[in-house]
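Colleague: Take a look at the following structure, please.
Next up, the structure:
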């Protein structure tokens, strides 16, 4: 039987991160999941779901690098605009052991939930998924786009 992937989630106690954790736990009950959390009380709820909880802060970039280097999949649903956090995750994934699976980084945020909250009709549904493997697509992002620094790291 093949070994399960391991997953690290940042932002697991937030709105988006919690939804991701609960959905993954229901769909893949045996998936090893580690969550870096600040709040011990919220971390206990995750521990009850069988999540490995590491208490720490996203500003501890060394810890983030270490945790990312041990994961097959990293989900960042916290501080989506932080260049230093994106770099720490990237370095950690690049420092993975030789022969390890190719790492996966899923970088998500709730930014769209905060935009135009006064007129939800102004949001357009994007049906084409963003694919950062398609370098022509992400390099075509206008330079003035605020997320470009993080997206192009």
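Residue numbers (our numbering): 114 to 266. We put the beta carbon where it would ideally sit given N, CA and C, even for glycine. Everything numeric in this text was worked out from a predicted model, so none of it was measured.
Whose CA, out of 195, 199, 185 and 190, lies closest to the CA of residue 215?
Modeller: Checked all of 195, 199, 185 and 190; the closest Cα to residue 215 is 185.
Colleague: Measuring only the C-alpha atoms, how far is residue 135 from residue 180?
Modeller: C-alpha separation (whole angstroms): 20 Å.
Colleague: Go ahead and label residue 202 buried or exposed: buried means 16 or more other beta carbons lie within 10 angstroms of its beta carbon, across all protein chains shown.
Modeller: It is buried - the Cβ of residue 202 has at least 16 other Cβ atoms within 10 Å.
Colleague: Across which residues does DSSP place residue 187 in a beta bridge pair?
Modeller: Residue 187 is bridged to 121 and 218.
Colleague: I need the boundaries of the alpha helix (DSSP H) containing residue 154, first residue and last residue.
Modeller: Residue 154 -> alpha helix (DSSP H) spans 153–161.
Colleague: Could you check whether the segment 190–199 touches the segment 156–169, counting it as contact only if at least three pairs of C-beta atoms, one from each stretch, sit closer than 8 Å?
Modeller: No: the two stretches stay apart, fewer than three of their Cβ pairs being nearer than 8 Å.
Colleague: In whole angstroms, give me the CA-to-CA distance for residue 207 and residue 130.
Modeller: Distance between the alpha carbons of residue 207 and residue 130: 23 Å.
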